Amino acid sequence: MPQITVLPLGVTIEAERGQTIMDAARAAGYYWPTTCGGKGECTTCAGLIEHGLENLSPMGRYEEF
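If you're matching positions, the sequence shown starts at 74 in our numbering and goes up one per residue.
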């Protein structure tokens, strides 16, 4: 199962293949404040992927900024 480490918290969460990072975080009990409800439209929850880009699906139109 893929793992995601959230910095600077140092928390590692597991994600199902095809699950968004936001959904995996919520399933693990972590929440980021957003104005769009986590739809990826406001970029409040934007993050930086440091490793493992090859494991991600292609970016959607709201993810490219």
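Glycine included, C-beta positions come from ideal geometry on N, C-alpha and C. Since the structure is predicted, the reported quantities are computational estimates derived from the model, not experimental observations.
In the DSSP assignment, find the unbroken beta strand (DSSP E) run with residue i in it and report its ends.
i	result
ILE77	76–79
How long is the line joining the alpha carbons of residue i and residue j, rounded to whole angstroms?
i	j	result
TRP105	ASN128	22 Å
ALA98	CYS118	11 Å
LEU126	GLY91	14 Å
HIS124	GLU114	24 Å
ILE77	CYS109	23 Å
LEU82	SER130	25 Å
LEU93	VAL84	Checking the sequence shown, residue 93 turns out to be Thr, not Leu. Cα-Cα distance, rounded: 17 Å.
Going by DSSP, what residue range makes up the alpha helix (DSSP H) through residue i?
i	result
ILE94	94–100
Which partner residues of residue i appear in the DSSP bridge assignment?
i	result
ILE86	ILE77
9 Å is my cut-off, CB to CB: does residue i come that close to chain C?
i	result
LEU129	You won't find chain C in this structure, because it holds only one protein chain.
If residue i sits next to residue j, beta carbons under 8 Å apart, how far is it from one beta carbon to the other, in whole angstroms?
i	j	result
GLY86	ALA101	One detail in the question is off: residue 86 reads as Ile in this sequence, not Gly. Sure, about 4 Å apart at Cβ, within 8 Å.
GLY111	MET95	5 Å
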